[in-house]
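Letter by letter, the sequence shown follows residues 5 to 208 of my numbering. We put the beta carbon where it would ideally sit given N, CA and C, even for glycine.
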Amino acid sequence: MKTKILAVLLPLLLPMTAAADSVQDQLNAVSALQHGHSTISLTAGPAWISSKVYVDPYNSNHAERWKPGVELGAEYTYTFDSGWGVGISAGVNYTDYNGYSLNQAFIGPVGTYRWELGKRWNINSKFGMGIGRSFGDFNEYTGLAMIYKIGGEYMVSKKIGIGVDFYENATFYGSSNDNNSSSDSNSSNSTGRLGILLSLNFHL
């Protein structure tokens, strides 16, 4: 009698077992990055300096805004089980003003938060504060810089993701009395920058 019951139930139990294994595999894949892990990111994309830049030091009326440039960067972050994380970010921007180069660099610590949206998609937010450096054909300055990023990531595999980030950088160099600088006035010397960055992320 028991043999007959098993013969009837076995064909029904096997598909259910296979379905349960499949669901568990998907849950494991979804939660694979919810545990603490390290991430190395490489970023690149266009960025625009929104501040006025006085190209001609002898003409205080000759200022340009929203000049496009190229932004390159690299980051290391560690994400905890809670989704919060810490890391370090570095980047450099290259912008050309009619043959004169204005280059800006940043390096500093960042705080991060990561939202898991199913098996493939994530949302990442980052805020950092560190050292900003302006160099090139214009006067050189060192100051305090702040960055903010928010964007999405698509996991092409369990360890590699590609993403798009909206990027903002604000750097404060202190007071300045010359016109050959990135400044909206002669009393404050600061620059603002907005960008859209593509990222390649390696989750270790």
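Residue burial is scored here from C-beta neighbours: Tyr58 has at least 16 other C-beta atoms within 10 angstroms and is therefore classed as buried.
Your pair Thr43 and Thr83 checks out as a contact, with CB atoms roughly 7 Å apart and the cut at 8 Å. By the 16-neighbour rule on beta-carbons within 10 angstroms, Ser45 is buried. Scanning its chain for C-beta atoms nearer than 8 Å, with the 5 sequence neighbours on each side dropped, one finds around Gly40 the residues Tyr82, Thr83, Phe84, Asp85, in chain order.
Leaving aside the five residues that flank Ala109 on each side, the residues in its chain whose CB is nearer than 6 Å to its CB run, in chain order, Val96, Arg137. The Cβ neighbour count for Asp169, taken over all protein chains shown within 10 Å, is at least 16; the residue is labelled buried. Using a C-beta cut-off of 8 Å, the stretch 191 to 200 makes no contact with the stretch 159 to 167, since fewer than three inter-stretch Cβ pairs fall below that distance. Residue range 71 to 83 is occupied by the beta strand (DSSP E) that includes Glu79. Per DSSP, the continuous beta strand (DSSP E) segment holding Arg137 begins and ends at 125 to 140. Taking 7 Å as the cut-off, the Cβ atoms of Gly115 and Gly134 do not count as close. Gly147 has its alpha-carbon roughly 29 Å from the corresponding atom of Asn205. Here Leu76 has Ala48, Val96 as same chain residues with Cβ atoms under 6 Å from its own Cβ, once five neighbours each way along the sequence are excluded. By the Cβ-count criterion, Tyr177 is buried, with 16 or more other Cβ atoms from all chains shown falling within 10 Å of its own Cβ. Per DSSP, the continuous beta strand (DSSP E) segment holding Tyr158 begins and ends at 145 to 159. Per the coordinates, the alpha-carbon of Leu106 lies some 12 Å from the alpha-carbon of Lys56. By a beta-carbon distance limit of 8 Å, Met159 contacts Arg124. Their separation comes to about 5 Å. The distance from the Cβ of Ile151 to that of Gly132 is about 5 Å, consistent with a contact at the 8 Å cut-off.
With respect to Leu202, Tyr171 sits apart: the two C-beta atoms are not nearer than 7 Å.
Collapsing the DSSP output to three states places Gly40 in coil. For Tyr101, the pairing in a beta bridge is given by DSSP as Tyr104. Counting along the chain, the unbroken beta strand (DSSP E) around Gly165 starts and ends at 164 to 176.
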